[in-house]
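Trainee: Residue numbers (the working numbering): 21 to 366. All residues carry an ideal CB built from backbone N, CA and C; glycine is no exception. In this text, all values refer to a predicted model and were calculated from it rather than measured experimentally.
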Ligand code: CDT
């Protein structure tokens, strides 16, 4: 049975260091209105979607740094952001939104939430596990910093898949399924969120896939030209941007295929403050690894596709039927070892 839904990545272009959050939220609401006109049911906004990508700066004032965070337990009640969730509810559109979270205890996380319009509340929260970059800024004053390890703790919520209600009609539920009947591919959509750098780690995708994930969503802020962090051979800024885009697509297509799930990636992109280049390339990818829709610009843009979750079944039941083909007795190093241990020298 077809389980179709219309989904979108809401790509967001340049945001400067001093751009007020209210101004950004108005742009997000404009994208949401476009989504409503296209009957979109789920909109994925980028990582740290409300401000510029502030981990590129070293802050000495805690007060100045805290301006970039949302404070407290419930982001839907954050004064600058509440109107976005209210709009999502009034249009009946689910959204995922990335933002910097400061908990009541004072801990910083790079976070995103799934807000369900039918439930009128956040149904899942994810905190970024893989924090790239450095704790201390580079000595080279020309280098672009990525100080996520300084401002955030690694996420403590794991990769928890969840079902999103109200998106597909006639979804099976606990009471409608007879005992012994398989429920695979029949219930409400199974989703998983990750954030930016997580997309480069196959473990993150696989942990979701082991929970039957059908759609993975994530936002990203990826520098087009971050030679100090990528550590790649010297290249022109144009080549570096092309390479960053290539890797971004490569991981999305390959991991969607290998885990038999759809994926939606949403970029914060463009030239922040006229000089910090972030790649675009927001995309919606099928479980066979094909790009179904992708951004054509480096600015605010809605990328829309209709997806049928039924198309996950083929990969999950044949090529990547985990229960039949995985050999966990050979994967022991994965949870036991973090870094590389080479074989002894000959
Ligand atoms: N935001 C984020 O995680 N960005 C990283 C940059 C890596 S360091 C160059 C990314 O993986 O895209």
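#1: What would DSSP say about residue 103, mapped onto helix, strand or coil?
#2: Does ligand 1 have even one heavy atom less than 7 Å from the beta-carbon of residue 152?
#3: Measure the C-alpha to C-alpha separation of residue 272 and residue 318 and round it to an integer number of angstroms.
#4: Compare the Cα-Cα distances from residue 128 to each of 244, 112, 86 and 300 and report the closest residue.
#5: With a threshold of 16 other CB atoms inside 10 Å of the CB of residue 202, please say whether the residue is buried or exposed.
#6: Which parts of the stretch 236-306 are runs of the beta strand (DSSP E), unbroken and 3 residues or longer, counting only runs that do not cross its ends?
#7: At a threshold of 7 Å, does residue 221 count as lining ligand 1 (C-beta to nearest heavy atom)?
#8: At what residue ranges does the stretch 66-138 contain a whole run of the beta strand (DSSP E), taking only runs of 3 or more?
#9: Among all the DSSP beta bridges, which residues are the ones paired with residue 233?
#10: Can at least three beta-carbon pairs, one atom from the stretch 48-66 and one from the stretch 77-97, be found at a separation below 8 Å?
#11: I need the DSSP call for residue 322, collapsed to helix, strand or coil.
#12: Can you tell which of 335, 366, 295 and 162 has its C-alpha closest to the C-alpha of residue 205?
#13: What is the residue span of the beta strand (DSSP E) that residue 31 lies within?
#14: Where do the N-terminal and C-terminal ends of the beta strand (DSSP E) with residue 211 fall, by residue?
#15: Please name the residue, chosen from 223, 143 and 210, that lies closest to residue 355 on a Cα-to-Cα basis.
#16: Can you give me the C-alpha to C-alpha distance between residue 139 and residue 358, rounded to a whole angstrom?
#17: Just the Cα atoms here: how many angstroms apart are residue 57 and residue 72?
#18: Helix, strand or coil for residue 45? Go by DSSP, reduced to three states.
#19: I'd like to know whether the C-beta atoms of residue 151 and residue 133 end up nearer to each other than 8 Å.
#20: Indicate whether residue 209 and residue 192 have their beta-carbon atoms separated by less than 8 Å.
#21: Which word fits residue 196, buried or exposed, when buried means at least 16 other C-beta atoms lie within 10 angstroms of its C-beta?
#22: Should residue 147 go down as buried or exposed, given a rule of 16 or more other Cβ atoms within 10 Å for buried?
#23: Determine the extent of the beta strand (DSSP E) in which residue 62 is found, giving its start and end residues.
#24: Report yes or no: do three or more beta-carbon pairs, one from the stretch 173-188 and one from the stretch 250-262, lie closer than 8 Å?
#25: When burial is assigned at 16 or more other CB atoms within 10 Å of the CB, is residue 76 buried or exposed?
#26: Could you check which residue in 312, 289, 302 and 279 has the C-alpha nearest to that of residue 341?
#27: Please list the terminal residues of the continuous beta strand (DSSP E) segment that includes residue 313.
#28: Could you pull out every unbroken beta strand (DSSP E) segment of at least 3 residues lying fully inside the stretch 159-196, listed in chain order?
Mentor: Quick answer:
#1: Translated into the one-based positions of the chain shown, residue 103 becomes position 83. Residue 103: helix per DSSP, three-state reduction.
#2: Position 132 of the chain shown, counted from the start, is the residue given in the question as residue 152. Yes - ligand 1 has a heavy atom lying nearer than 7 Å to the Cβ of residue 152.
#3: Translated into positions along the chain shown, residue 272 becomes position 252. Translated into positions along the chain shown, residue 318 becomes position 298. One C-alpha to the other measures close to 18 Å.
#4: In the chain shown, counting from the first residue as 1, residue 128 sits at position 108. Comparing Cα positions, the closest option is 86.
#5: To locate residue 202, count along the chain shown from 1; it is residue 182. By the 10 Å Cβ count, residue 202 comes out exposed.
#6: 282-287, 290-292, 296-298 and 303-305
#7: Walking along the chain shown from the start, residue 221 turns up at place 201. For ligand 1, not one heavy atom lies less than 7 Å from the Cβ of residue 221.
#8: 89-91, 114-122 and 128-136, all fully within the stretch 66-138.
#9: The residue given as residue 233 occupies position 213 in the chain shown. In DSSP, residue 233 forms no bridge with anything.
#10: no
#11: Residue numbering aside, residue 322 sits at position 302 when the chain shown is read from its first letter. Looking at residue 322 - three-state DSSP - the assignment turns out to be strand.
#12: In the chain shown, counting from the first residue as 1, residue 205 sits at position 185. Of the residues 335, 366, 295 and 162, the one whose Cα lies closest to the Cα of residue 205 is 335.
#13: For the purposes of this step, residue 31 is taken as residue 11 along the chain shown, with counting starting at 1. Looking at the DSSP string, the run of the beta strand (DSSP E) that includes residue 31 is 24-31.
#14: Residue numbering aside, residue 211 sits at position 191 when the chain shown is read from its first letter. 210-215 is the extent of the beta strand (DSSP E) around residue 211.
#15: For this step, residue 355 is matched to residue 335 along the chain shown. When each option's Cα is compared against that of residue 355, the closest is 223.
#16: For the purposes of this step, residue 139 is identified with residue 119 of the chain shown, where counting begins at 1. For the purposes of this step, residue 358 is identified with residue 338 of the chain shown, where counting begins at 1. Each residue's Cα considered, the two are about 39 Å apart.
#17: Within the chain shown, numbered from 1, the residue matching residue 57 stands at position 37. Within the chain shown, numbered from 1, the residue matching residue 72 stands at position 52. Those two C-alpha atoms are separated by around 28 Å.
#18: Your numbering for residue 45 matches position 25 in the chain shown. Three-state DSSP puts residue 45 in a helix.
#19: Numbered from its first residue, the chain shown carries residue 151 at position 131. Numbered from its first residue, the chain shown carries residue 133 at position 113. No, they are not a contact pair.
#20: Counted from its first residue, the chain shown places residue 209 at position 189. Counted from its first residue, the chain shown places residue 192 at position 172. Taking 8 Å as the Cβ cut-off, residue 209 and residue 192 do not qualify as a contacting pair.
#21: Along the chain shown, one-based indexing puts residue 196 at 176. It counts as exposed.
#22: As a first step, residue 147 must be located in the chain shown, where it is residue number 127. With a 10 Å radius around the Cβ and a threshold of 16 neighbouring Cβ atoms, residue 147 comes out buried.
#23: Here the question's residue 62 lines up with position 42 in the chain shown. Taken as a continuous stretch (DSSP letters only), the beta strand (DSSP E) holding residue 62 covers 62-64.
#24: no
#25: Along the chain shown, one-based indexing puts residue 76 at 56. That one is buried.
#26: On the chain shown, residue 341 is found 321 positions in, with the first residue counted as 1. Comparing Cα positions, the closest option is 279.
#27: Sequence index remark: in the chain shown, residue 313 carries index 293 (1-based). 311-314 is the extent of the beta strand (DSSP E) around residue 313.
#28: none
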